[in-house]
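The next block holds one structure in the form of structure tokens; read it before the comments.
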Amino acid sequence: MEVKIEESWKEILKDEFKKSYFEQVVMALKHEKAAGHTIYPPGNLIFNAFDKTPFDKVKVVLLGQDPYHGAGQAHGLCFSVQDGVKPPPSLVNIYKELQSDLGIPIPATGDLTKWADHGVLLLNAILSVRASEPASHSKIGWESFTDAVIRKVSELKKDVVFILWGRFAQDKQVLIDATRHHILKAAHPSPFSADKGFFGCRHFSKTNELLAKAGIEPVDWRL
Numbered sequence: 001m002e003v004k005i006e007e008s009w010k011e012i013l014k015d016e017f018k019k020s021y022f023e024q025v026v027m028a029l030k031h032e033k034a035a036g037h038t039i040y041p042p043g044n045l046i047f048n049a050f051d052k053t054p055f056d057k058v059k060v061v062l063l064g065q066d067p068y069h070g071a072g073q074a075h076g077l078c079f080s081v082q083d084g085v086k087p088p089p090s091l092v093n094i095y096k097e098l099q100s101d102l103g104i105p106i107p108a109t110g111d112l113t114k115w116a117d118h119g120v121l122l123l124n125a126i127l128s129v130r131a132s133e134p135a136s137h138s139k140i141g142w143e144s145f146t147d148a149v150i151r152k153v154s155e156l157k158k159d160v161v162f163i164l165w166g167r168f169a170q171d172k173q174v175l176i177d178a179t180r181h182h183i184l185k186a187a188h189p190s191p192f193s194a195d196k197g198f199f200g201c202r203h204f205s206k207t208n209e210l211l212a213k214a215g216i217e218p219v220d221w222r223l
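In terms of the UniProt record's numbering, the sequence shown is residues 1 to 223.
This is the structure in structure tokens:
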């Protein structure tokens, strides 16, 4: 089966695309479409995080859970919405922390593509969702795939900064070799939990300090 994904990732993940769980993902998406359901993000953007951040460019992994399920929001980058769409509450809180940590003005756009261009893999653990039904694709096999992605980054790279916000993301820590990489953990930026350890985490400046110490160019977090 031919998967349209950026070439370096295609090579690194080629064995995953042949596994039965991935066939199940493809079949599940086909059934959803056949049943008339709307899927987000659009098919050509499901692997957008990989297309925007080739494997050799990855220096930070920011892990999200599930794509936004409203019309026009999701475009394959975690926490990010398409340009012109109002930033959702979690992203608003991310911007508040960015401002207090680095003094960067609150961006007008909710599109985080510039972060992806600077080496931040904006990876959702689940890569698709049915319209208006959060976590509706959480059981179709995506996590087997994205767990493999995290393992590959851990095995084949060094000094990557993994940013894990909230318990769901932090449960993925077992996939990461902490002797080779850096792991930053905080509460989720959701309005329900941001006051419990997300605000004040200073993960943007800490990420750049860790990268600089490893001789890697820091991320330009400005949007």
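Backbone N, C-alpha and C fix where the C-beta goes; we use that ideal spot for every residue, glycine too.
All figures in this text were calculated on a predicted structure; none of them were measured in a lab.
Own chain residues within Cβ distance below 8 Å of G110, not counting five before or after: S80, V81, Q82, D83, V85, K86, P87, P88, L91
Cβ pair count under 8 Å reaching 3, the stretch 193–208 against the stretch 90–109: yes
The stretch 52–68 contacting the stretch 102–109, beta-carbon criterion three pairs below 8 Å: no
Secondary structure of G103, DSSP reduced to three states: coil
Residue closest to E155, alpha-carbon to alpha-carbon, out of L175, Q170, A169, T146: L175
Per DSSP, the bridge partner or partners of A186: W165
Rounded C-alpha distance that separates A135 from R180: 32 Å
Presumed contact (8 Å Cβ cut-off) between F145 and V25, rounded CB distance: 7 Å
Bridge partner(s) assigned by DSSP for L123: L63
Residue-chain proximity (T53, chain C), Cβ-Cβ < 8 Å: Here there is only one protein chain, and chain C is not present.
Start and end residues, alpha helix (DSSP H) containing N44: From DSSP, N44 is part of no alpha helix (DSSP H); its letter is neither H nor E.
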